[in-house]
Amino acid sequence: MKRIAFWALVFLAGGLLAPVVDMTLGPLWFSLGWRRPVVDWLLSKGLPPRVASYWSIVWIMLPDWAALVLVGAVIGRVARPGKWLRYALVVGGGFIAYSLIGSIQVLYWVRLAELDGSLAMRTFWGCMVLDLISLILLVLAAWLFGRTRGRPVAEPGTSPIAEN
1 MKRIAFWALV
11 FLAGGLLAPV
21 VDMTLGPLWF
31 SLGWRRPVVD
41 WLLSKGLPPR
51 VASYWSIVWI
61 MLPDWAALVL
71 VGAVIGRVAR
81 PGKWLRYALV
91 VGGGFIAYSL
101 IGSIQVLYWV
111 RLAELDGSLA
121 MRTFWGCMVL
131 DLISLILLVL
141 AAWLFGRTRG
151 RPVAEPGTSP
161 IAEN
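If you use our numbering, the sequence shown corresponds to residues 1 to 164, in order.
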C-alpha cells in the first residue's frame, strides 16, 4: 500500500508541475512577444502561413520543455541506478495527464457549443505529439544526467568491501 501511495505522489508531482509551468513560465515567455517575429521569420524563409503557425507553437513549448529537462536532470541525479526510467515515466505521465485533461475539456466545450470538431481534434492530436516530445526529453535528460555518469568502473574481482 505504501508503494502505491508513493507512486501516486510521484505521478501527482508530475501533474502539478504542468500547471506551475503553464501559469508562470508560459505567460512570461508569451509576454516577451517573440511568437510574432518567429512567424515572420518563418514566412520570410518561404514557409506557408499555416506551417509557420504550427512551428511557432514549438517556440511556445520551449518553457515546458526546459522545465522538463531540468526535472529529468534532477531525476537522473537523485534516483538510484536502474530506477531513473521508472521515475521519469511516472512524472512524465502525470505531466501528460494534466494536458490530456485540458484537451478533453476543450473537446467537450467544442461539442457543447456545436462547433466544427475537426479543428479541436487536430489541436488535440497536435498537443499529444508535443506532449510525447516532452516525455522523450524528460527521459533523455534523466538518462544523460544519470548518477552513474562519470564514476569509475571497478575492475572485476576488486571490491572496496573486501579490502576492509
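No residue lacks a Cβ here, since even glycine has one placed at the ideal position from N, Cα and C.
- Inter-segment contact for the region 130-143 and the region 60-79 is present: three or more beta-carbon pairs are separated by less than 8 Å.
- Residue 38 has its alpha-carbon roughly 6 Å from the corresponding atom of residue 56.
- Taking every protein chain shown into account, the CB of residue 76 has 16 or more other CB atoms within 10 angstroms, so this residue is buried.
- It is roughly 24 Å from the alpha-carbon of residue 85 to the alpha-carbon of residue 22.
- With respect to residue 14, residue 78 sits apart: the two C-beta atoms are not nearer than 8 Å.
- The continuous stretches of alpha helix (DSSP H) do not include residue 80, and DSSP gives it neither H nor E.
- Contact between residue 95 and residue 18 holds: CB atoms are separated by about 5 Å, below the 8 Å threshold.
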